[in-house]
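As you go down the protein sequences, you meet chains A and B in turn.
Under this note's numbering, the first residue of the first sequence is numbered 1, with each subsequent residue one higher.
Under this note's numbering, the first residue of the second sequence is numbered 1001, with each subsequent residue one higher.
Beta carbons: idealized from backbone N, C-alpha and C, even for Gly.
There are 2 protein chains.
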Amino acid sequence: MTNDYLSSTFAALADPTRRAILARLASGEAPVTELAKPFDMSMPAISKHLKVLERAGLIARSREAQWRPCRIEAGRLKEVAEWLEHYRRFWEASFDRLDDYLRELKTKDNPKEKKHVRKQSKN
Amino acid sequence: MTNDYLSSTFAALADPTRRAILARLASGEAPVTELAKPFDMSMPAISKHLKVLERAGLIARSREAQWRPCRIEAGRLKEVAEWLEHYRRFWEASFDRLDDYLRELKTKDNPKEKKHVRKQSKN
DNA sequence: TGGTTACATAACCTCTGGGTTAAATATACT
DNA sequence: AGTATATTTAACCCAGAGGTTATGTAACCA
């Protein structure tokens, strides 16, 4: 499942340095040295971050002489967006409407339940 | 900045158990024992996962007798969605149009550049 | 050929994350 | 008061993440 990828994608995004690198790459390809400039961090550290991003499928690296330009690879970000869509109603609906939704779900599934709804196939 | 929260939110979402818990909670409040049922895992492990989700602001817990019902708290998910929006064009635009975009960005910012664009204030 | 630049790999350290079992706490039930 | 149920806390273990310095490799330059 796409499930497997989600864990490594989220893990990769959980680091501010890596998110900053992605933000930089959003304005175009860049070689490693340039990506490293904003950070007070050794090159190997940056290299590791890039490897994490690459393994997570968030960036791709090519070769150009002695440079290794990096660019954003958007597929996994799209998967994250799709995963998030399942929860959109939680922040878009007004709270009242959300309550309505849950109450409806509850009574439809298990009319006698009072405390909490029972497990039901998710998603 | 919202930046601080993003790291803990993404970190919380990087675990499949925790995402499954969120998926379950998407269909309504549930107490801890019920959340634990699908998993071959000790209660303290679940308890820790819930604490991570709570600290990340992804769930909230209340009290009801000896139960601690959990529910989704959508604010942080919304922040993730907003963060993602900055990258939407990367998976939505056709590749040609993306190339156009980057080329335009590049020439506008630094007309003489050939290999790669220079650093520029991000986002 | 030798030096410089760009980057990766190796070896190491430390801290945290995710799991365990055992014990504590809180509420309800009789 | 005494037991059962629900949940958290404590103490521990181990693997992995994120950083370091030192070293290796590859391409360009003179």
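- Query: Enumerated in chain order, which unbroken segments of the beta strand (DSSP E) with a length of 3 residues or greater are wholly contained in the stretch 2 to 81 of chain A?
  - Reply: List check, beta strand (DSSP E) in window: 59 to 61, 70 to 72.
- Item | Selection of the stretch 1057 to 1079 of chain B by Cβ proximity to chain A, strictly under 8 Å | Against chain A - using a Cβ distance shorter than 8 Å - the residues of the stretch 1057 to 1079 of chain B are Glu1064, Trp1067, Pro1069, Ile1072, Ala1074, Gly1075, Leu1077, Lys1078.
- Query: How about the stretch 1023 to 1043 of chain B and the stretch 31 to 49 of chain A: do they share at least three Cβ pairs that are nearer than 8 Å?
  - Reply: These segments do not touch.
- Would you call the stretch 75 to 92 of chain A and the stretch 1077 to 1096 of chain B touching, i.e. three or more CB-CB distances under 8 Å? Yes: the two stretches touch, three or more of their Cβ pairs being nearer than 8 Å.
- Among residues of its own chain, excluding the 5 on either side of proline 1069/B, which ones have a beta-carbon nearer than 6 Å to its beta-carbon? Cβ within range, chain order: Glu1029, Pro1031, Ser1062.
- Buried/exposed call for alanine 1060/B, threshold 16 Cβ in 10 Å: Alanine 1060/B comes out exposed.
- Would arginine 18/A pass as a contact of alanine 12/A if the rule is Cβ separation under 9 Å? Going by C-beta atoms, arginine 18/A is nearer than 9 Å to alanine 12/A.
- If I'm right that leucine 6/A touches tryptophan 83/A with Cβ under 8 Å, what's the distance once you round it to whole angstroms? About 6 Å; that satisfies the 8 Å criterion.
- Note down, in chain order, every chain B residue with its Cβ under 9 Å from the Cβ of arginine 55/A. None at all; the shortest Cβ gap to chain B is about 13 Å.
- Report the option in Thr33/A, Ala45/A, Ala56/A, Val52/A whose CA atom is closest to the CA atom of glutamine 66/A. When each option's Cα is compared against that of glutamine 66/A, the closest is Thr33/A.
- Query: When you check each C-beta in the stretch 2 to 18 of chain A against every C-beta of chain B, which residues fall closer than 9 Å?
  - Reply: Flagged, chain order: Asn3, Asp4, Leu6, Ser7, Ser8, Thr9, Phe10, Ala11, Ala12, Leu13, Ala14, Asp15, Pro16.
- Message: In whole angstroms, give me the CA-to-CA distance for isoleucine 72/A and leucine 1050/B.
- Response: Distance between the alpha carbons of isoleucine 72/A and leucine 1050/B is about 33 Å.
- Task: Go through its chain and collect everything with a Cβ distance to leucine 1035/B's Cβ below 8 Å, but skip five positions before and after it.
- Result: Cβ neighbours of leucine 1035/B beyond the five flanking positions: Ile1021, Arg1024, Leu1025, Ile1046, Leu1050, Cys1070.
- Query: Does phenylalanine 1090/B come within less than 9 Å of chain A when only Cβ atoms are used?
  - Reply: Taking Cβ atoms only, chain A reaches closer than 9 Å to phenylalanine 1090/B, which makes this a yes.
- Just to confirm, are alanine 1014/B and phenylalanine 10/A a CB contact at a threshold of 9 Å? Result yes, Cβ atoms of alanine 1014/B and phenylalanine 10/A sit closer than 9 Å.
- Task: Would you please verify whether the beta carbon of alanine 1026/B is less than 9 Å from any beta carbon of chain A?
- Result: Contacts with chain A at 9 Å (Cβ-Cβ) include alanine 1026/B.
- Task: Could you check the C-alpha separation between glutamate 64/A and alanine 56/A for me, to the nearest Å?
- Result: If you draw a straight line from the Cα of glutamate 64/A to the Cα of alanine 56/A, it comes to about 22 Å.
- Message: Which residues in chain A have a C-beta closer than 8 Å to the C-beta of alanine 1081/B? List them in chain order.
- Response: Per Cβ cutoff of 8 Å: Ala81, Leu84, Arg88, Trp91.
- Query: aspartate 1004/B to glutamate 92/A, Cα distance in whole Å?
  - Reply: Cα to Cα, aspartate 1004/B sits roughly 23 Å from glutamate 92/A.
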